[in-house]
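Notes for the one structure printed next.
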Amino acid sequence: MNDRQRDITDEALMQRAGTGDPSAFETLVRRHQRPVVNFIFRFLKDPSEAEDLAQEVFLSIWKSRGAYRPDAKFTTWLYRITVNRCINRSRALKIRQWFPVFRPERQEPESKKEPLALNEGIDATTPEDSLIQSEQEKKIRRALDALPQNQRLAILLKIYNGFSYREIAAILDCSVPAVESLLVRAKQNLQKN
Numbered sequence: 003m004n005d006r007q008r009d010i011t012d013e014a015l016m017q018r019a020g021t022g023d024p025s026a027f028e029t030l031v032r033r034h035q036r037p038v039v040n041f042i043f044r045f046l047k048d049p050s051e052a053e054d055l056a057q058e059v060f061l062s063i064w065k066s067r068g069a070y071r072p073d074a075k076f077t078t079w080l081y082r083i084t085v086n087r088c089i090n091r092s093r094a095l096k097i098r099q100w101f102p103v104f105r106p107e108r109q110e111p112e113s114k115k116e117p118l119a120l121n122e123g124i125d126a127t128t129p130e131d132s133l134i135q136s137e138q139e140k141k142i143r144r145a146l147d148a149l150p151q152n153q154r155l156a157i158l159l160k161i162y163n164g165f166s167y168r169e170i171a172a173i174l175d176c177s178v179p180a181v182e183s184l185l186v187r188a189k190q191n192l193q194k195n
């Protein structure tokens, strides 16, 4: 990404992509691909599903680039599409569990790494610290997985992606008080676990 592209807002890049500028779209993908993959991974808990679904999200955005209107932040639009895709994929995966005949066998290469850890950026200095961090991550994942879907989405959007209540409301297509309620209930449920 050159210096000029770094200074351009997401909304301006999306408008340029809407006029057929593929380099503007590539810049958007580079900016947001990793956070989107990580969000999907935290929701679906499957690294290959996260990669596949992220590609679908960006393909969907590319296909609808001409319809984009900067009424809201680009990231709000991006995560609304991502959340909808996550919910749909989650439903499809549950159906596959009911009908195992339709479940494709996937072989993951051993070298394939998970997306970012939940507490990325925290350096474990000793093997003991690393083990403690790993156990904490597992405990956090189990607690998040136990949350109802809307509460889990709200927590992931707030805690891991830093969206405001208003942005989360736009992404989840609900009111700000509903987001506040979801987050309060999610925190209460997390404290129980």
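Position 64, counted from 1, in the sequence shown is what my numbering calls 66; the numbers after and before it change by one each time, with no gaps. Ideal Cβ placement from N, Cα and C applies to all residues, glycine included.
Among P49, R36, L133 and E51, which one has its Cα closest to the Cα of Y162? What you label residue 162 is simply residue 160 of the sequence shown in a count that begins at 1. Residue R36 is the option with its Cα nearest to Y162.
Hey, is R187 close to the ligand COA, as in C-beta under 7 Å from one of its heavy atoms? Inclusion of the ligand COA in the displayed structure is not the case, the ligand content being empty and no account of it being possible.
Would you check if the distance between the CB atom of L133 and the CB atom of A188 is smaller than 8 Å? As a first step, residue 133 is located in the sequence shown; it is residue number 131 there, counting from the start. As a first step, residue 188 is located in the sequence shown; it is residue number 186 there, counting from the start. Using a Cβ distance threshold of 8 Å, L133 and A188 do not count as a contacting pair.
Kindly give me the distance between the Cβ atoms of T77 and D12, rounded to whole angstroms, as I take these residues to be in contact under 8 Å. As a working mapping, residue 77 is identified with position 75 in the sequence shown. As a working mapping, residue 12 is identified with position 10 in the sequence shown. Confirmed, about 6 Å.
Are the beta-carbon atoms belonging to Y81 and M16 less than 8 Å from one another? The count along the sequence shown starts at 1 and reaches residue 81 at position 79. The count along the sequence shown starts at 1 and reaches residue 16 at position 14. For Y81 and M16, no; Cβs fall outside 8 Å.
If we count the other Cβ atoms within 10 Å of its Cβ and call it buried at 16 or more, is E51 buried or exposed? For the purposes of this step, residue 51 is taken as residue 49 along the sequence shown, with counting starting at 1. Classification of E51: buried, given that the 10 Å Cβ count is 16 or more.
Near F45, what residues of its chain come up, given a Cβ to Cβ distance below 8 Å and the 5 sequence neighbours on each side ignored? For the purposes of this step, residue 45 is taken as residue 43 along the sequence shown, with counting starting at 1. Apart from the 5 residues on each side of it in sequence, F45 sits with its Cβ closer than 8 Å to the Cβ of C88, S92, R154, L155 and L158 in its chain, given in chain order.
Between the C-alpha atoms of I63 and T128, what's the straight-line distance to the nearest angstrom? Here residue 63 is taken as the residue at index 61 of the sequence shown, counted from 1. Here residue 128 is taken as the residue at index 126 of the sequence shown, counted from 1. A direct Cα-Cα distance of roughly 43 Å separates I63 from T128.
Taking the continuous alpha helix (DSSP H) assigned at P24, which residues delimit it? By 1-based counting over the sequence shown, the position of residue 24 is 22. Here the alpha helix (DSSP H) through P24 covers P24 to L46.
Can you name, in chain order, every residue of its own chain whose Cβ lies under 8 Å from the Cβ of D147, other than the five neighbours on each side? Locating residue 147 in the sequence shown gives position 145, counting from the first residue. Excluding the 5 residues flanking it on each side, D147 has same chain C-beta neighbours closer than 8 Å at K47 and R154, in chain order.
Using alpha carbons as the reference points, say which of E130, F60 and F43 lies closest to T29. Residue numbering aside, residue 29 sits at position 27 when the sequence shown is read from its first letter. Per the Cα distances, F60.
If I follow the unbroken alpha helix (DSSP H) through R168, where does it start and stop? Position 166 of the sequence shown, counted from the first residue, corresponds to residue 168. Element bounds for R168: Y167 to L174.
By how many angstroms is the C-alpha of A19 removed from the C-alpha of Q190? For the purposes of this step, residue 190 is taken as the residue at position 188 of the sequence shown. For the purposes of this step, residue 19 is taken as the residue at position 17 of the sequence shown. Each residue's Cα considered, the two are about 42 Å apart.
Identify whether T77 lies in helix, strand or coil by the three-state DSSP scheme. Here residue 77 corresponds to residue number 75 of the sequence shown, with the count starting at 1. Looking at T77 - three-state DSSP - the assignment turns out to be helix.
With a threshold of 8 Å on Cβ separation, who are the neighbours of I83 within its own chain once the five nearest residues in sequence on each side are excluded? Translated into the one-based positions of the sequence shown, residue 83 becomes position 81. So the list reads V59, S62 and I63, once near-sequence residues are dropped.
Suppose you measure from the CA of P24 to the CA of K65; what does that come to, to the nearest Å? Against the sequence shown, residue 24 aligns to sequence position 22. Against the sequence shown, residue 65 aligns to sequence position 63. As the crow flies, the alpha-carbon of P24 is around 12 Å from that of K65.
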